[in-house]
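*Asks:* Let me begin by handing over the structure; questions about it come next.
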Amino acid sequence: YQNSNTATAPSPDPTTTSNPWDLFHNFSGRHKGDQVSGLANLKQYLHQFGYINSSSNFTDNFDDTLESALKQYQKNFNLNATGILDNSTVQLMAIPRCGNADIVNGTNSMNSGKSARTTLHTVSH
Amino acid sequence: YTFFTNKPTWPDSKHNLTYAFWPGNQLQSNAKVIFSRAFQRWSAVTPLNFTETDFYLNADIKIGFFKGDHGDGESFDGQMGTLAHAFSPTSGLFHLDGAEDWVIDGDVTTSTSTVAIDLESVAVHEIGHVLGMGHSSVEEAIMYPSISARTRKTELATDDIQGIQELYGSNPNYNASSTPSDTQKETSDGGVRI
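First to last, the sequence lines map onto chains X and C.
Following our numbering, the numbering of the first sequence begins with 2 at its first residue and continues without gaps.
Following our numbering, the numbering of the second sequence begins with -17 at its first residue and continues without gaps.
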């Protein structure tokens, strides 16, 4: 890293409005079983932030893996964990964010400690 | 609030931390002040202190704006998308995407640019990572992973404070009943950019 010579001074271009995640809006309403061109990009997004482990050959199929990852994402962001690409989920995914993953090495720290605890009802003897 | 796996922190012997800016960026003083203020938010609630140094390679925390592949395996993606990232203690690496439309002065919320991103808001968040904080699911928290363009969020929420104090303890002068005020909303010129 410290020998990298790729650093450049910031040179923003305010006329540019591209957002690499804008295309996610096209997926609104999609659910398991659908096949949508570009869905592999959303899988790549979920992989980048730790929600999908495997990084091999993402397809455009809305499969079990994507549904499971979506549910986890929705739980982490306090959305309804439907596994469907509803409007709320898609809009949140398109918002700029920190590049650090939410889940690292399969450990979901973001919401795992905040789920409601199961109440155990016991009878003393 | 959450922490990185295995809860890494800066050791007790390293509570006076130095930070430096990547010389290639040649940041002006008005940009450096933003980072100073962001560090101050965390030092106000912990025993940690932060001092700027000119010696980049020797600094505990190394801050730089980079574009695309910058050698750490986490390439930036151009405007919007990923804004910044930082590494867990005691790495100290804190990188911002040089392609963003960073606003350093003025009121970002009235910016005419639809892609204006408030630098201080992102800086406070990334410093949280540098110190060992993970992402929070509390939307009001600084450590919430997403922030919209033309949005300013710089004050630590209770969730952030509880988290960082679990790692380092409290600043002896910290008064939980007084929250820091945001004094950066005095102008409405749409902001000055880097």
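Quick reminder that beta carbons are idealized off the backbone N, C-alpha and C, glycines included.
In this text the structure is predicted, and so the values were computed from the model without any measurement.
Would you identify the three-state DSSP class for Phe47 (chain C), choosing helix, strand or coil?
*Replies:* Strand.
*Asks:* Helix or strand or just coil, what does DSSP make of Phe(-15) (chain C)?
*Replies:* Three-state result, Phe(-15) (chain C): strand.
*Asks:* Taking 8 Å as the threshold (C-beta atoms), are Gly51 (chain X) and Val91 (chain X) in contact?
*Replies:* No, Cβ-Cβ distance for Val91 (chain X) and Gly51 (chain X) is not below 8 Å.
*Asks:* Would you mind giving the Cβ-Cβ distance between Trp84 (chain C) and Tyr38 (chain C), rounded to the nearest angstrom? I have them listed as a contact below 8 Å.
*Replies:* Between Tyr38 (chain C) and Trp84 (chain C) the Cβ distance is about 20 Å, and since that is not below 8 Å, they are no contact.
*Asks:* Please state whether DSSP places Asp103 (chain X) in a helix, a strand or coil.
*Replies:* It is coil, neither helix nor strand.
*Asks:* Per the DSSP calculation, Tyr1 (chain C) is bridged to which residue(s)?
*Replies:* According to DSSP, Tyr1 (chain C) bridges with C:Glu34 and C:Ile43.
*Asks:* Using CA coordinates, which residue listed in X:Thr108, X:Gly100, X:Asn112 and X:Ser110 is at the minimum distance from Ile129 (chain C)?
*Replies:* Considering only alpha carbons, the answer is X:Gly100.
*Asks:* Considering only C-alpha positions, which residue in the set C:Gly55, C:Glu56 and C:Met62 is nearest to Asp23 (chain X)?
*Replies:* When each option's Cα is compared against that of Asp23 (chain X), the closest is C:Met62.
*Asks:* Chain C partners of Asp78 (chain X), CB-CB under 9 Å?
*Replies:* Looking at the sequence shown, residue 78 (chain X) is not Asp but Phe. Neighbours of Phe78 (chain X) on chain C, chain order: Ser119, Glu121, Tyr126, Pro127 and Ser128.
*Asks:* Which of the three DSSP states is assigned to Ser128 (chain C) in this structure?
*Replies:* In this structure, Ser128 (chain C) counts as strand in the three-state DSSP scheme.
*Asks:* Using a Cβ-Cβ cut-off of 8 Å, state whether Ala20 (chain C) counts as contacting chain X.
*Replies:* No - not a single Cβ of chain X is within 8 Å of the one on Ala20 (chain C).
*Asks:* Below 8 Å between beta carbons: does that hold for Lys44 (chain C) and Ala13 (chain C)?
*Replies:* The answer is no: Cβ separation not under 8 Å.
*Asks:* So is Ile45 (chain C) in contact with chain X if we call contact Cβ pairs under 8 Å?
*Replies:* Ile45 (chain C) does not count as touching chain X.
*Asks:* Go ahead and label Asn77 (chain X) buried or exposed: buried means 16 or more other beta carbons lie within 10 angstroms of its beta carbon, across all protein chains shown.
*Replies:* Asn77 (chain X) comes out buried.
*Asks:* The alpha helix (DSSP H) spanning Val15 (chain C) covers which residue range?
*Replies:* Ser11 to Ser25 is the span of the alpha helix (DSSP H), which, as asked, contains Val15 (chain C).
*Asks:* Does Asp142 (chain C) have its Cβ less than 8 Å from a Cβ in chain X?
*Replies:* No, Asp142 (chain C) does not count as interfacial toward chain X.
*Asks:* Quick one: does Pro11 (chain X) have its CB under 8 Å from some CB of chain C?
*Replies:* For Pro11 (chain X), the predicted model reports a pLDDT of 49, less than 50, meaning its position is unreliable; a value from the coordinates is still stated below. True, the Cβ-Cβ gap to chain C drops below 8 Å.
*Asks:* Would a C-beta distance cut-off of 8 Å place His111 (chain C) and Ala68 (chain C) closer than the cut-off?
*Replies:* The answer is yes: Cβ separation under 8 Å.
*Asks:* Quick one: what does DSSP say Thr96 (chain C) is sitting in, helix, strand or coil?
*Replies:* Thr96 (chain C): coil per DSSP, three-state reduction.
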